[in-house]
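A.B. asks: In terms of numbering that gives the first Met the number 0, the sequence shown has 5 at position 6, counting the first letter as 1, and numbering is strictly consecutive.
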Amino acid sequence: MDYLPDSIAQHLTSTTFSALTTHLNTTYLTPALTHLRSAYIDPYLIRPAAGYLANSSAAGAGGSSPAMPDLVSVVLLVAILFISLKVLDYARRVVMFWVGLLWALIWWGTIVGLVLWVYLHGVERAAQDAGWLFGIARGFLGRMIEQVERRGEYYQQPQRGADGGGVFGMGGMGGRAQQAPLGRW
């Protein structure tokens with residue numbers, strides 16, 4: 000350890016693990032836990048629970064409302080909540096397993112089907128069929144885009160009679176007779 004500065008070498012040779020953990024505990028962990036307790040646990044958990052228990056026990060002593068629930072009821076309620084959450088988690092896992100299995104079967108079935116199709120028909124025929132399928136999809140999407148653009152232009156046209164005359168600004172129905180198109184173009 001001749002290459003380390005003396006202060007670091009001294010700490011490495013004389014500091015024990017327990018001294019190091021004590022230093023880390025007092026420096027980092029204790030202030031963090033104190034902040035957590037004072038900022039979150041006390042105002043949001045301890046004080047409301049203490050207020051609820053104090054109100055219910057005071058009301059129970061006066062006889063105007065039922066007494067504070069006993070420990071067995073609270074433990075039983077917590078146990079039922081815990082078991083129900085475990086059952087729900089189990090059900091979620093079962094559903095996700097079957098959904099994942101279904102998607103995996105669909106995926107690998109598609110892959111096997113495509114490989115089998117290429118194997119049975121040959122690479123050239125498979126490429127021709129894929130090009131034909133791509134052409135159909137491209138034509139379908141192109142037609143849809145054209146229709147959307149035409150409808151956008153249709154609704155962007157200035158309407159006659161928009162000067163406020165007639166019913167709903169239609170100028171005595173001098174413009175289009177309907178507001179939304181019916182049927183095909």
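Glycine residues also receive a C-beta, built at the ideal position from the N, C-alpha and C atoms.
Rounded to the nearest angstrom, how far is the Cβ of A125 from that of W131, given a contact under 8 Å?
C.D. replies: Rounded, the Cβ-Cβ distance is 11 Å, inconsistent with contact.
A.B. asks: Taking the C-alpha atoms as reference points, what is the distance between L32 and P47?
C.D. replies: Distance between the alpha carbons of L32 and P47: 20 Å.
A.B. asks: For Y153 and V147, what's the separation of their Cα atoms in angstroms?
C.D. replies: Going by the C-alpha atoms only, they are around 10 Å apart.
A.B. asks: With a CB to CB cut of under 7 Å and the five nearest residues on each side skipped, what residues in its chain are close to G108?
C.D. replies: So no residue of the chain qualifies.
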